[in-house]
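All residue numbers for the sequence shown refer to my numbering, where the first residue is 154 and numbers rise by one.
By construction, the Cβ of each residue, glycine as well, lies at the ideal position given by its N, Cα and C atoms.
What follows is a set of notes on a single structure, which appears directly below.
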Amino acid sequence: MKTIYYGLLTFFSVSIAASGQTLEEAKTWYKQKNFALAKPVFERELQAKPTDPSLNLWYGVSLYKTGGNVNEAESHLKVAAQKSLPDASLYLGDIYTTKYLFTQAVAEYDKYAKLKRTDKEALAAANERKAKVEKYLQLVHRTEDVQIIDSLVVDKDKFLKAYKLSPASGRLAPVNELFNTKEKAAATAYLNEKGTKIYYSRMVQDSVMKLYSMEKLLDQFGNEKQVSPSSFGLKGDENYPFVLTDGVTLYFAAKDEDSMGGYDLFATRYNLDKDSYLVPERLNMPFNSIYNDYMLAIDEEKGVGWFASDRFQPEGKVCVYTFIPNSQVKPVESESTDYLSARARILSIKDSWRTGTNYTQLIALARKTPEVKVEKKVDFTFVINDKAVYHSLADFRNSNARELFSQLRDVEKTLAAQKNDLEQKRISYFQADADTKRQMTQDILSLEKETESMDAKQKQLTIQVRNLENKEIGN
């Protein structure tokens with residue numbers, strides 16, 4: 154009862170305060186960008202003059218800027234735009250941008266620029282917005298044709314619970330939970346299937362998040378390294394890592410001056426020869442948006458993946474989308490910009506579904522928490538000699554042999570990935586036309602050389618490891 158009473162008291166206090174303020178005071182607050190104070194006064198005045206263009210402008214902007222109903226704000230701004238009030242077009246452009254109506258947004262920014270053609274500062278603001286929206290429009294036309302089969306809105310601080318990864322795909326966890334720290338930033342960590350390597354994000358000296366990795370050394374993790382000393386050529390935060398079972402492909406989210414929104418999703422591959430990651434690729438829409446997109450993970454055993462986004466979500470909530478990973482990137486084929494925009498923003502996940510396909514079982518599998526089988530821990534099987542077979546790093550007696558064996562495992566993963574890539578390229582080559590074959594020839598020859606080099610490196614490391622360990626154990 155007290156809660157209701159105080160709630161009503163607060164409501165009437167605000168109403169009385171608003172009724173006691175003048176329009177001139179509200180206009181002053183508006184100029185000072187104090188939209189929360191100005192809004193109730195404009196709303197009151199608008200009730201008496203519903204067609205007044207200036208009141209519609211002021212109220213529409215205040216409503217939009219205070220996180221109110223966007224559609225209502227749009228309707229009021231349209232009234233003001235009919236009377237050629239410049240700011241109405243500017244904010245309509247902003248609203249259309251949030252709705253992925255990029256063509257309409259460009260048109261509104263052009264109107265604003267025309268109305269403010271003598272104002273250099275206003276023209277600069279309009280051109281900056283327009284350039285960004287035109288970039289978004291180009292990205293819309295590269296939207297990937299990916300099947301998004303499910304979505305779930307969850308609390309942002311608990312969103313990792315929506316990722317039902319199979320044990321073979323590794324594990325995701327908040328950094329503070331995994332390391333038992335008091336890390337305040339929303340940093341996440343990825344632990345591989347065997348629990349031998351961990352990737353995580355942490356704050357560095359300049360208050361920026363960067364990706365790091367550590368390896369399991371007997372009973373604890375150590376040998377911390379920054380995943381990319383050059384920060385992948387990106388300027389902002391790096392977070393939300395995930396590594397495929399090949400041990401080579403890394404997905405992560407990062408902020409950058411070229412970001413579509415806040416966090417964008419990236420993919421890169423590890424080059425063992427150069428001991429570094431390749432330049433990361435920014436993923437296409439719908440994985441990325443003009444909002445925050447992060448934590449992409451793929452379960453190869455289940456045949457599904459997940460990613461999170463706060464697009465069109467209230468504060469504190471995110472939507473976790475479940476998708477079917479493509480073996481090759483394929484754009485959405487359509488001449489309709491409206492349809493492409495709808496697919497890019499994920500207006501409806503069913504727009505991405507294939508006709509006649511039943512996703513019920515796959516959705517159920519994606520939502521199912523995998524059973525964790527208790528098995529005898531065997532990290533690997535490596536023959537030292539006729540009498541000695543090792544199954545964990547702790548079995549090695551020679552520290553140099555142990556270190557070289559870790560390198561050998563990385564080489565083996567890279568070699569397997571290269572052989573698979575080479576096989577796929579050869580298949581594509583035989584199916585291609587003459588022009589495409591000419592374009593593919595150099596890539597295949599180059600990859601063959603890389604594979605041969607990696608194969609030789611594998612054999613060399615295998616011999617070195619066995620020789621060192623046999624010498625240590627007296628064989």
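Can you give me the C-alpha to C-alpha distance between residue i and residue j, rounded to a whole angstrom?
i           : j           : result
residue 567 : residue 606 : 11 Å
residue 400 : residue 563 : 7 Å
residue 454 : residue 436 : 22 Å
residue 342 : residue 612 : 33 Å
residue 273 : residue 386 : 34 Å
residue 349 : residue 369 : 5 Å
residue 531 : residue 561 : 17 Å
residue 344 : residue 523 : 16 Å
residue 205 : residue 396 : 57 Å
residue 253 : residue 236 : 25 Å
residue 158 : residue 325 : Bear in mind that a pLDDT of 43 at residue 158, under 50, signals an unreliable position, so the number given afterwards is only what the model happens to contain. Roughly 45 Å between the two C-alpha positions.
residue 598 : residue 608 : 15 Å
residue 565 : residue 377 : 22 Å
residue 333 : residue 374 : 13 Å
Short of 6 Å in beta carbon distance, which residues of its chain neighbour residue i, apart from the five on each side in sequence? Order them along the chain.
i           : result
residue 169 : Caution is warranted here: a pLDDT of 42 is assigned to residue 169, below 50, making its placement in the model unreliable, and no coordinate value can be reported.
residue 475 : 302, 303, 457, 459, 519
residue 305 : 315, 473
residue 209 : 229, 232, 233
residue 262 : 246, 279, 282, 283
residue 421 : 403, 430, 431, 433
So, helix, strand or coil for residue i, using DSSP?
i           : result
residue 419 : strand
residue 506 : coil
residue 590 : helix
residue 585 : coil
residue 624 : helix
residue 486 : coil
residue 424 : strand
If I measure Cβ to Cβ from residue i and keep anything under 7 Å in the same chain, skipping five residues before and after, which residues do I get?
i           : result
residue 619 : 537
residue 408 : 389, 390, 415, 416
residue 497 : 253, 293, 296, 438, 439
Throw me the rounded Cβ distance for the residue i and residue j pair, which I believe falls under 8 Å.
i           : j           : result
residue 255 : residue 494 : 7 Å
residue 418 : residue 441 : 6 Å
residue 380 : residue 352 : 7 Å
residue 216 : residue 194 : Residue 216 to residue 194, Cβ: 13 Å. No contact.
residue 614 : residue 557 : 6 Å
residue 624 : residue 600 : That belief does not hold up - the Cβ atoms of residue 624 and residue 600 are roughly 36 Å apart, past 8 Å.
residue 242 : residue 264 : 4 Å
I'd like the span of the alpha helix (DSSP H) that includes residue i, first residue to last.
i           : result
residue 254 : Looking at the DSSP string, residue 254 is not in any alpha helix (DSSP H), and its letter there is neither H nor E.
residue 440 : Here residue 440 belongs to no alpha helix (DSSP H), and DSSP marks it neither H nor E.
residue 193 : 188-201
residue 475 : Counting along the chain, residue 475 falls outside any alpha helix (DSSP H), though it belongs to the beta strand (DSSP E) covering 470-477.
residue 231 : 223-234
residue 332 : 328-332
residue 213 : 206-218
residue 537 : Per DSSP, residue 537 belongs to no alpha helix (DSSP H) and is neither H nor E.
Can you name, in chain order, every residue of its own chain whose Cβ lies under 8 Å from the Cβ of residue i, other than the five neighbours on each side?
i           : result
residue 553 : 621
residue 626 : 537, 541, 550
Can you give me the start and stop residues for the beta strand (DSSP E) that residue i sits inside?
i           : result
residue 313 : Neither: residue 313 is in no beta strand (DSSP E) and is coded neither H nor E.
residue 373 : 373-379
residue 404 : 402-407
residue 683 : Coverage of the chain is limited to positions 154 through 628, which leaves residue 683 absent and any answer about it impossible.
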